[in-house]
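K.L.:
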Amino acid sequence: MPVRFLILFLLLQILAAGAAAQPVWRARFAGSLLGDSLNTRPLAQPAALALDPDGNLYVADTGNHRVLKCDPQGRLLREVGGFGFDQEQFDRPVDVWAGNGLDVIVADYNNHRLQRFDRDLNFIASYSSAEAQEQSLQFGYPAAVALSPQGELFVADHEFERLLRFDVFGKPKASFGDFNWGEGGFLRPAKILISGAGEIFVSDSVRHAIMTYDAFGNFVGVLGAGLLDRPCGLAEWRGLIWVADRGHQRIAGFRRSGELVFEFGRPDSTASSLRAPVALALRSTSPSGGSPNASGRAFVLDAGRNAVLVFELTQKSN
0 MPVRFLILFL LLQILAAGAA AQPVWRARFA GSLLGDSLNT RPLAQPAALA
50 LDPDGNLYVA DTGNHRVLKC DPQGRLLREV GGFGFDQEQF DRPVDVWAGN
100 GLDVIVADYN NHRLQRFDRD LNFIASYSSA EAQEQSLQFG YPAAVALSPQ
150 GELFVADHEF ERLLRFDVFG KPKASFGDFN WGEGGFLRPA KILISGAGEI
200 FVSDSVRHAI MTYDAFGNFV GVLGAGLLDR PCGLAEWRGL IWVADRGHQR
250 IAGFRRSGEL VFEFGRPDST ASSLRAPVAL ALRSTSPSGG SPNASGRAFV
300 LDAGRNAVLV FELTQKSN
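All residue numbers for the sequence shown refer to numbering that gives the first Met the number 0, where the first residue is 0 and numbers rise by one.
In structure tokens, the structure reads:
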């Protein structure tokens, strides 16, 4: 066999082996929660969903000005709220974070504050920006909130279209992403994800992309540009960044390189189709370890259905 044909043959073998090693993703609809099983008022314009380490769900039920805690089967455990400006009241709660199993932090949008609760939704404290603070460290309309693995708090603000960073003592220390940042600036920050490695991902519903920053707030790049339409909620699982792609009515999984790997939930005639996905949370259901195969459960908050849709996800090697 001539050398050039041998080289070509070897290259084709290598490419075939690489293609065969690519994992295969599948999603199966497993039902819905909260839409018709909640022993209270139905959801109204829900905007955010969080999952604690025990698998409990926290929902920002924006239209009803409340936050709900439910078990993984959707049974109501606790609710707090009602329209108002006193403690334990809200005026459009638009985001909730519960990732450490201890704190529940709520972005109380029209009250210009954050409220902090324990995991059982008992009130602890609230925080608003003081007028005496430097303007670059103030927020007006908190739209999203997230806590880093190191305990630093990040808040997306719609008044100044930027992110604020607070230290572990609750003191504002920096802001980034405002109009001075050029291509690294926000037009309308929607939701925040802090990865296990400390990377910062922020969905921007006007840029139709995910803005990415390192752990220090330095702009890294854009994810999903040209592929997303009004992205909202974010999650990290199995090395992918998962996005609630509201405009395309789907959930999309991206590699950090920007490659779209998998999607599910696009509209069809079945009960599994999404109408307005705004938030999601993912939880592994298979043992952790080095296996290339994995299974998990995706909880998708659909503001169009006023319910949480549940999907079983599997990843298998070829």
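Glycine included, C-beta positions come from ideal geometry on N, C-alpha and C.
Every value quoted in this text rests on a predicted model; they were computed, and no experiment measured them.
How would you label PRO148, buried or exposed, when you count the other beta carbons within 10 angstroms and need 16 or more for buried?
P.N.:
So PRO148 ends up on the exposed side.
K.L.:
For ALA297 and CYS69, I'd like the C-alpha separation in whole angstroms.
P.N.:
When rounded, the distance between both Cα atoms is 15 Å.
K.L.:
Taking 7 Å as the line, does the beta carbon of ARG27 fall inside it for any heavy atom of the ligand MG?
P.N.:
By its list of ligands, the structure shown contains no ligand whatsoever, and the ligand MG lies outside what it can speak to.
K.L.:
Would you grab the beta carbon distance between CYS231 and ARG245 for me? Rounded to a whole angstrom, and I think it's under 8 Å.
P.N.:
5 Å between Cβ atoms; contact.
K.L.:
Specify whether the segment 86 to 94 and the segment 39 to 55 touch according to this definition: at least 3 beta carbon pairs, one from each stretch, less than 8 Å apart.
P.N.:
Yes, they touch.
K.L.:
Could you tell me if GLU160 is buried or exposed, where buried requires 16 or more neighbouring beta carbons within 10 angstroms of its beta carbon?
P.N.:
Buried.
K.L.:
List, from N- to C-terminal side, the beta strand (DSSP E) runs of 3 residues or more that fit wholly inside the segment 57 to 83.
P.N.:
65 to 69, 75 to 80, all fully within the segment 57 to 83.
K.L.:
Grab me the residues of GLN88's own chain with a C-beta within less than 6 Å of its C-beta, minus the 5 sequence neighbours each way, in chain order.
P.N.:
The answer, listed in chain order, is GLY81.
K.L.:
Whole angstroms is fine: what's the gap from LEU56's alpha carbon to SER125's?
P.N.:
Approximately 22 Å between the Cα atoms of the pair.
K.L.:
Excluding the 5 residues preceding and the 5 following ASP301 in the sequence, name in chain order all residues of the same chain whose CB lies nearer than 8 Å to its CB.
P.N.:
These residues qualify, in order along the chain: LEU273, ARG274, ALA275, PRO276, VAL277, VAL307, LEU308.
K.L.:
With burial defined as no fewer than 16 other Cβ atoms inside 10 Å of the residue's Cβ, what is the status of ALA129: buried or exposed?
P.N.:
Classification of ALA129: exposed, given that the 10 Å Cβ count is below 16.
K.L.:
Go ahead and pull the three-state DSSP assignment for GLY322.
P.N.:
Since the displayed the chain opens at 0 and closes at 317, residue 322 lies outside it and no answer follows.
K.L.:
Classify GLU151 as helix, strand or coil using the three-state DSSP reduction.
P.N.:
Coil.
K.L.:
Answer with buried or exposed for ASP60, where buried requires no fewer than 16 other C-beta atoms within 10 angstroms of its C-beta.
P.N.:
Buried.
K.L.:
In angstroms, rounded to a whole number, what distance separates the CA positions of GLY127 and PHE138?
P.N.:
The sequence as given places Ser at residue 127; Gly does not occur at that position. In a straight line, the C-alpha of SER127 is about 8 Å away from that of PHE138.
K.L.:
In this structure, does DSSP put TYR140 in helix, strand or coil?
P.N.:
Three-state DSSP puts TYR140 in coil, outside helix and strand.
K.L.:
Less than 8 Å separating the beta-carbons of LEU233 and LEU259?
P.N.:
The answer is no: Cβ separation not under 8 Å.
K.L.:
Kindly indicate the opening and closing residues of the beta strand (DSSP E) around LYS172.
P.N.:
That run of the beta strand (DSSP E) goes 171 to 175.
K.L.:
Taking buried to mean at least 16 other C-beta atoms within 10 Å of its own C-beta, is GLY264 buried or exposed?
P.N.:
Answer is buried; the Cβ neighbour count reaches 16.
K.L.:
Distance, Cα to Cα, ASN179 vs GLY169?
P.N.:
Spanning the two alpha carbons is a distance of roughly 25 Å.
K.L.:
In angstroms with no decimal places, state the Cα-to-Cα distance between ILE250 and VAL299.
P.N.:
Taking the straight line from one Cα to the other gives about 8 Å.
K.L.:
Let's test the definition: count the other Cβ atoms within 10 Å of the Cβ of ASN217 and tell me whether it reaches 16, buried, or not, exposed.
P.N.:
Exposed, because fewer than 16 other Cβ atoms sit within 10 Å of the Cβ of ASN217.
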